[in-house]
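**Q**
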Amino acid sequence: MPSQKRLLRENRIEEAAYALLAERGFAGCSMLSVAKRAGSSNQTLYAWFGGKVGLMRWLVERNAASVVALLREAIEGGHDTLATLRRVGPVLLSVLVSERAVTLNRAAAADPSGELGAALAASGRESVVPLLIELFESAVRSGELASEEVPDAIQVYLGLLIGDLQIRRVVHGLPAPDERWIAQQAERAVLRLGNLYRFQT
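What follows is the structure, given as structure tokens:
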């Protein structure tokens, strides 16, 4: 468990990194500039994160932590699949359309090296999708879903939940949705998934 002092320093680093990404993009967000903005040392940042890509991965992991925690709790507790999605969906959608996720994706889109995009995939989607697979496989064990339907059902669910909302946020085509709208969108996704795959809603 990190100490309170470490958490405060991490929060300052996180805020500094997002601010610099928004102002300068990935190329202009150096470890030294983050350290200076956060009132930390360059040596500390390299010791903690290994480099700029490591720092970016950490930002994505922090952003996705609430979704990962909810999914792990549900899987370990053996909770009903659709009930879990009703809890997880609004949190996942909120994270993906948040200002921080939008800032990261805008910076990744402008990064010709592809490093930030790879970090986003490794620390974001690749940390959440395996847990969704576990959750949907529990539906197979309970007889709610055929095993061969798992990959398709996950892809359909994410499409119903997210669609083009994140990319519209990234290209300034959509203002930040409020909690009520997010809750309604998440509920529609669960209901449609239940109907398509014969889950009990």
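Numbering-wise, the sequence shown is residues 169 to 369 according to the numbering used here. In this text, a Cβ means the ideal position worked out from N, Cα and C, and glycines have one as well. Being a predicted model, the structure only gives us computed values, none of them experimental.
Nearest CA to the CA of Leu326: which residue from Leu260, Arg177, Leu227 and Gly246?
**A** As a working mapping, residue 326 is identified with position 158 in the sequence shown. Of the listed residues, the one whose Cα sits closest to Leu326 is Leu260.
**Q** For the stretch 237-254 and the stretch 355-369, state whether three or more C-beta atom pairs, one from each stretch, are separated by less than 8 Å.
**A** Yes, the stretch 237-254 is in contact with the stretch 355-369.
**Q** Compare the beta carbon distance of Ser171 and Glu229 with 9 Å and say whether it is the shorter of the two.
**A** Translated into the one-based positions of the sequence shown, residue 171 becomes position 3. Translated into the one-based positions of the sequence shown, residue 229 becomes position 61. Not in contact: Ser171 and Glu229 (Cβ atoms no closer than 9 Å).
**Q** Cβ atoms of Thr249 and Ala307: under 9 Å apart, would you say?
**A** Taking the sequence shown and counting its residues from 1, one reaches residue 307 at position 139. Taking the sequence shown and counting its residues from 1, one reaches residue 249 at position 81. Closer than 9 Å, so yes.
**Q** Going by DSSP in three states, Ser295 sits in which element: helix, strand or coil?
**A** For the purposes of this step, residue 295 is taken as residue 127 along the sequence shown, with counting starting at 1. Helix, per DSSP.
**Q** According to DSSP, simplified to helix, strand and coil, what is Val339?
**A** Here the question's residue 339 lines up with position 171 in the sequence shown. If DSSP states are grouped into helix, strand and coil, Val339 belongs with coil.
**Q** Would you mind stating whether Ile350 and Pro258 have Cβ atoms separated by less than 9 Å?
**A** Translated into positions along the sequence shown, residue 350 becomes position 182. Translated into positions along the sequence shown, residue 258 becomes position 90. Result yes, Cβ atoms of Ile350 and Pro258 sit closer than 9 Å.
**Q** Since Ser324 and Asn273 should fall inside the 8 Å C-beta cutoff, what is the C-beta to C-beta distance between them, to a whole number of angstroms?
**A** Reading the sequence shown from its first residue, position 156 is the one you call residue 324. Reading the sequence shown from its first residue, position 105 is the one you call residue 273. Looking at the sequence shown, residue 324 is not Ser but Val. Actually they do not touch by this definition, with Cβ atoms about 22 Å apart.
**Q** What residues in its chain sit with their C-beta under 8 Å from that of Leu200, if we drop five residues either side in the sequence?
**A** Counting from 1 along the sequence shown, the entry for residue 200 is found at position 32. For Leu200, where only same-chain residues beyond five positions count, the Cβ hits under 8 Å are Asn210.
**Q** With a cut-off of 8 Å on the beta carbons, I'd call Ala242 and Leu303 a contact; round off their distance for me.
**A** Stepping through the sequence shown from its first residue, residue 242 is reached at position 74. Stepping through the sequence shown from its first residue, residue 303 is reached at position 135. Confirmed, Cβ separation roughly 7 Å.
**Q** Measuring alpha carbon to alpha carbon, tell me which residue in Ser295, Glu347 and Leu175 is nearest Val236.
**A** Walking along the sequence shown from the start, residue 236 turns up at place 68. Checking every option, the nearest Cα to that of Val236 belongs to Ser295.
**Q** Answer with buried or exposed for Leu176, where buried requires no fewer than 16 other C-beta atoms within 10 angstroms of its C-beta.
**A** Locating residue 176 in the sequence shown gives position 8, where the first residue counts as 1. With fewer than 16 other Cβ atoms within 10 Å, it is exposed.
**Q** Taking the CB atoms as reference points, tell me whether Ala184 and Ala206 lie closer together than 9 Å.
**A** Sequence index remark: in the sequence shown, residue 184 carries index 16 (1-based). Sequence index remark: in the sequence shown, residue 206 carries index 38 (1-based). Yes, the pair counts as a contact, with Cβ atoms nearer than the cut-off.
**Q** Have a look at Ser281 and Cys197 and give me their C-alpha separation to the nearest angstrom.
**A** One-based indexing of the sequence shown puts residue 281 at position 113. One-based indexing of the sequence shown puts residue 197 at position 29. Rounded to the nearest angstrom, the two C-alpha atoms are 14 Å apart.
**Q** Excluding the 5 residues preceding and the 5 following Val221 in the sequence, name in chain order all residues of the same chain whose CB lies nearer than 7 Å to its CB.
**A** Along the sequence shown, one-based indexing puts residue 221 at 53. Once the five neighbours on either side are set aside, the close Cβ partners of Val221 are Glu283 and Ala287.
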